[in-house]
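Just so it is clear: in the sequence shown, position 75 is 101 by our numbering, and no numbers are missing.
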Amino acid sequence: MKFFIDTASLKEIQEAQDIGVLDGVTTNPSLMAKEGIAGKDNVMRHYKAICEIVDGDVSAEVISTKYEEMINEGEELAEIDEQIVVKIPMIKDGIKAIKYFSERGIKTNCTLVFSPGQALLAAKAGATYVSPFVGRLDDISTDGMTLIEDIRLIYDNYGYETQILAASVRHPMHIIQCAKIGADVMTGPLSAILALLNHPLTDSGLAKFLADHAKVNQK
Ligand code: E4P
Numbered sequence: 027m028k029f030f031i032d033t034a035s036l037k038e039i040q041e042a043q044d045i046g047v048l049d050g051v052t053t054n055p056s057l058m059a060k061e062g063i064a065g066k067d068n069v070m071r072h073y074k075a076i077c078e079i080v081d082g083d084v085s086a087e088v089i090s091t092k093y094e095e096m097i098n099e100g101e102e103l104a105e106i107d108e109q110i111v112v113k114i115p116m117i118k119d120g121i122k123a124i125k126y127f128s129e130r131g132i133k134t135n136c137t138l139v140f141s142p143g144q145a146l147l148a149a150k151a152g153a154t155y156v157s158p159f160v161g162r163l164d165d166i167s168t169d170g171m172t173l174i175e176d177i178r179l180i181y182d183n184y185g186y187e188t189q190i191l192a193a194s195v196r197h198p199m200h201i202i203q204c205a206k207i208g209a210d211v212m213t214g215p216l217s218a219i220l221a222l223l224n225h226p227l228t229d230s231g232l233a234k235f236l237a238d239h240a241k242v243n244q245k
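If you want it as structure tokens, here you go:
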């Protein structure tokens with residue numbers, strides 16, 4: 027399973043990249059706003075800076091919701107770097123735009139997906155990635171992981187190549203569950219990735235190893 031980090035923070039992206047397990051980045055307008063990135067030139071520069079840190083795909087979301095505007099905006103985003111994936115919302119004009127980009131070899135990420143039917147449409151339009159939001163479904167007492175399972179089943183039934191990018195991942199168990207189901211990618215915050223490191227038996231075991239070593243190596 028590929029690991030993407032869901033942030034626009036260059037510091038966090040660099041930290042994840044330095045660990046050596048990062049496969050890509052997803053951003054959204056809220057995450058860009060959180061970093062105070064405003065104005066077209068700054069936004070473009072920021073995406074370029076992200077592409078210079080990571081080797082993999084970087085999702086950059088369009089703000090437009092009308093077909094022609096999404097095409098123009100997406101084409102500009104795609105020109106920033108070959109790593110850019112144009113992130114497009116799951117709306118009718120968005121599906122049309124995904125079809126347009128897929129026919130031209132421009133990678134897309136269909137975002138804000140909350141149902142198997144939406145995921146099926148994204149795959150039929152040729153999306154490179156589909157982003158089901160597991161955490162936001164959990165937030166409304168609906169099992170987000172069931173959606174990942176349903177999409178996996180549907181895509182496998184028909185051999186769709188669209189990659190399931192489990193999004194709105196909030197904690198390490200989301201990551202484990204995504205891996206068990208067979209999501210192609212998960213995107214989450216740095217905190218969820220780092221939390222995978224933790225186990226109290228690792229900490230106590232390491233402390234004992236180091237203490238035993240120190241006992242016989244004291245001057
Ligand atoms: C998807 O790509 C989104 O950026 C993201 O995963 C949303 O996560 P949130 O529900 O934690 O905001």
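Virtual Cβ for every residue (Gly too), placed ideally from N, Cα, C. Remember, it's a predicted structure, so these values are computed and weren't measured experimentally.
- Taken through DSSP and simplified to helix, strand or coil, I79 comes out as helix.
- With contacts defined as CB atoms closer than 8 Å, Y155 and I106 fail to qualify as a contacting pair.
- In terms of Cβ geometry, A192 and I166 do not form a close pair [threshold 8 Å].
- In this structure, the beta-carbon distance from I45 to I39 does not fall below 8 Å.
- In the DSSP annotation of this structure, the continuous segment of the alpha helix (DSSP H) that includes A145 starts and ends at P142 to A151.
- In this structure, I121 and L146 do not form a Cβ contact; the two beta carbons are roughly 11 Å apart against a cut-off of 8 Å.
- With respect to the 8 Å criterion, T53 and E87 are classified as neighbours on the basis of their beta carbons.
- Burial is judged here by how many other beta carbons sit within 10 angstroms of a residue's own beta carbon; G50 has at least 16 and is buried.
- Following the DSSP letters along the chain, one finds L216 inside the alpha helix (DSSP H) bounded by residues L216 to A221.
- Boundaries cannot be given for K92, as no beta strand (DSSP E) includes it and DSSP labels it neither H nor E.
- Distance from the Cα of S85 is smallest, within the candidate group P198, T33 and E129, for T33.
- DSSP lists E87 and N135 as the bridge partner or partners of K113.
- Nearest C-alpha to M58 among V47, L36 and E101: L36.
- Bridge partners of T213 according to DSSP: F30.
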